[in-house]
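Beneath this line is the structure, given in structure tokens, with notes to follow.
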Ligand code: KIV
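Residue numbers (this note's numbering): 66 to 366.
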């Protein structure tokens, strides 16, 4: 959908909240008037979004309640990211998390989301060795993790792995640009695709799309290059620090909600200060317990 200036408009801006007349495949309720769940977002709905000039929203989720809340709020895609490593398990980077650690989180999210497409990250070390290894790990995430699709990091080098996974019935998102699993090889958190480097990302995106990736995710890519990638490929794109031309946007939910402390990357918008809110309620609870005010008579049997 375009506005009068020809710019893409967000679906949310056009359709009265929560879901008014003119709802699209993406922008629709989780249940009908009788409370019966409506259908799941599928990969072809994301393709429709690109074809129709609509946008979609993706957030990470790692557990039951966040999956339920985001799903009911209409978030279209939930990513069980390997960022669970440094947002759930207390690691410094995404590298240490294992398949066996991420699988149960994925299962919890997939069981709890009724509408969103659930995408699982393949952790570092679980797909790089060969296309066979990628297929085997992808199958585990669909079979044991109940994910609907997987995401891997890396450029055209992984085109054969994408082809093999897609051939095995596993929908794949390819993550290019800054790929956190390669942070040591990339020399830290650095914007990718600036200047002449832009063509490399376009070539990667084309190769991965031709191999069957249904979506390309770009992290910390210059806005001009991200726009050129989006233009060069027919499939939808998702951005995180990749400007405003991609079909979808993704954020790590703890960043978006202001749960994480410390310096935020430039691409993060914090929509709340949940860290302070939770700290305040924890202090109030602690004080009431110490003062003998909780539990009150109404909480006792
Ligand atoms: O694991 C993750 O959260 C991600 C996002 C940064 C896209 O891959």
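Every residue gets a Cβ at the ideal spot worked out from N, C-alpha and C, and that includes glycine.
- Setting aside the 5 residues that flank it on each side, residue 183 is surrounded in the same chain by 143, 174, 175, 212, 213, each with a C-beta closer than 6 Å to its C-beta; the list follows chain order.
- Judged by pairs of C-beta atoms under 8 Å, the stretch 298-307 touches the stretch 270-290, as three or more such pairs exist.
- When C-alpha distances from residue 220 are compared across 209, 240, 236, 205, the shortest belongs to 240.
- Chain-ordered, the residues whose CB falls short of 7 Å from any heavy atom of the ligand KIV come out as 125, 144, 146, 147, 148, 159, 186, 216, 240, 245, 282, 284, 305, 315, 317.
- The beta carbon of residue 359 lies closer than 8 Å to those of 350, 353 in the same chain, with the five residues before and after it left out.
- Each of 295, 188, 283 was checked against the Cα of residue 206, and the nearest Cα belongs to 188.
- In the same chain as residue 153, and ignoring 5 residues on each side of it, the C-beta atoms closer than 6 Å to its own belong to 127, in chain order.
- CA-CA distance, residue 106 to residue 327, rounds to 34 Å.
- Rounded to whole angstroms, residue 217 and residue 133 show a C-alpha spacing of 25 Å.
- Within the same chain, and ignoring the five residues on either side of residue 162 in sequence, the residues whose Cβ sits closer than 8 Å to its Cβ are 147, 149, 150, 154, 156, 188, 189.
- Taking 8 Å as the upper bound for CB-CB distance, residue 288 and residue 270 are not in contact here, some 15 Å apart.
- The C-beta of residue 238 has 16 or more other C-beta atoms within 10 Å across all chains shown, which makes the residue buried.
- In the displayed model, residue 163 falls within coil according to three-state DSSP, outside both helix and strand.
- By the neighbour-count criterion, in which 16 or more other beta carbons inside 10 Å mark a residue as buried, residue 279 falls on the buried side.
- Annotated three-state conformation of residue 365 is coil, per DSSP.
- Residue 119 and residue 313 have their C-alpha atoms some 9 Å from each other.
- In its chain, beyond the 5 residues on either side, 196, 276, 277 have a beta carbon closer than 8 Å to the beta carbon of residue 228.
- With contacts defined by Cβ atoms closer than 7 Å, residue 168 and residue 210 form a contacting pair.
- Contact check for residue 194 against residue 230 fails: the beta carbons are separated by 7 Å or more.
- Closest in C-alpha terms to residue 339, from the list 331, 332, 318, comes 318.
- Under the DSSP assignment, residue 354 falls in the alpha helix (DSSP H) whose first and last residues are 339-355.
- Ranked by Cα distance from residue 130, the options 178, 164, 141, 124 are led by 178.
- Counting along the chain, residue 131 sits inside the alpha helix (DSSP H) bounded by residues 129-137.
- Boundaries cannot be given for residue 213, as no alpha helix (DSSP H) includes it and DSSP labels it neither H nor E.
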